[in-house]
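Beneath this line is the structure, given in structure tokens, with notes to follow.
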Amino acid sequence: MNQRVQDLLKKITYIEADIEIHKQILFSVPAHDKKEMEGVLKKIAAQKDEIKALRSELQIVSPEEHQNITIIENAVTAFKKIASEKKFTSITIMEINVECCLHLKNQPKIPCLVKACDEDEGWTIITVAGEIQYFPKTDVDETPAEPYSR
Numbered sequence: 000m001n002q003r004v005q006d007l008l009k010k011i012t013y014i015e016a017d018i019e020i021h022k023q024i025l026f027s028v029p030a031h032d033k034k035e036m037e038g039v040l041k042k043i044a045a046q047k048d049e050i051k052a053l054r055s056e057l058q059i060v061s062p063e064e065h066q067n068i069t070i071i072e073n074a075v076t077a078f079k080k081i082a083s084e085k086k087f088t089s090i091t092i093m094e095i096n097v098e099c100c101l102h103l104k105n106q107p108k109i110p111c112l113v114k115a116c117d118e119d120e121g122w123t124i125i126t127v128a129g130e131i132q133y134f135p136k137t138d139v140d141e142t143p144a145e146p147y148s149r
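For the sequence shown, numbering that gives the first Met the number 0 gives the first residue as 0, with consecutive numbering after it.
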């Protein structure tokens with residue numbers, strides 16, 4: 000990944016974090032202070048526009064990276080939908096220097112970005128390629144981690 004791509008991604012990440020802070024500010028503004036609420040909402044909208052522009056620039060600078068990011072974002076969105084419908088008892092995510100793999104019976108382990116075990120001990124994962132896969136308890140050769148581990 001070239002330096003320009005890294006810089007764009009860092010800037011996007013920073014702005015997304017700032018948006019989250021402004022959302023918290025919005026919730027703390029008294030309901031009667033419409034002017035303050037409007038100001039915060041305008042700031043959030045401007046930041047979203049800036050992210051959109053940065054993503055367009057990223058698409059021009061590195062179409063491959065843009066596509067990879069889009070695939071992962073779509074997988075995360077789908078995973079969140081699944082998580083709203085299932086009760087996960089354990090979630091493990093990939094971190095720097097921490098491997099996240101699902102160990103299967105009679106098959107190689109599958110590297111993943113996220114693995115989650117549900118109440119029935121079935122596993123839902125997001126692969127490093129951005130695919131969502133499900134494996135029943137009978138196919139998996141591991142036990143769930145402590146609830147909501149990282």
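Backbone N, C-alpha and C fix where the C-beta goes; we use that ideal spot for every residue, glycine too.
*asked:* In this structure, how does DSSP classify Pro135 when only helix, strand and coil are distinguished?
replied: Correct three-state label for Pro135: coil.
*asked:* For Ser89, report the span of its beta strand (DSSP E) as first-last.
replied: If you look at Ser89, you'll find it in the beta strand (DSSP E) that goes 87-92.
*Would you call the region 81-92 and the region 47-57 touching, i.e. three or more CB-CB distances under 8 Å?*
Cβ pair count under 8 Å is below three, so no.
*asked:* Let me make sure I understand the geometry here. Which of Lys108, Val39, Thr123 has the alpha-carbon closest to that of Lys80?
replied: Ranking Lys108, Val39, Thr123 by Cα distance to Lys80 puts Thr123 first.
_Once the 5 residues before and after Lys9 are set aside, which same chain residues still bring their CB inside 8 Å of it?_
Result list for Lys9: empty, nothing under 8 Å.
_Three-pair Cβ contact test at 8 Å for the region 136-143 versus the region 92-107_ = In this structure the region 136-143 lies against the region 92-107, because at least three pairs of beta carbons, one per stretch, are closer than 8 Å.
*Just mark Ile20 as buried or exposed, buried being the case when its beta carbon has 16 or more other beta carbons within 10 Å.*
When all chains shown are included, Ile20 counts as exposed.
*Rounded separation between Gln23 and Pro62 - CA only*: The alpha-carbon separation between Gln23 and Pro62 amounts to approximately 33 Å.
*Give me the Cα-Cα distance between Pro110 and Ala45, rounded to the nearest whole angstrom.*
Rounded to the nearest angstrom, the two C-alpha atoms are 37 Å apart.
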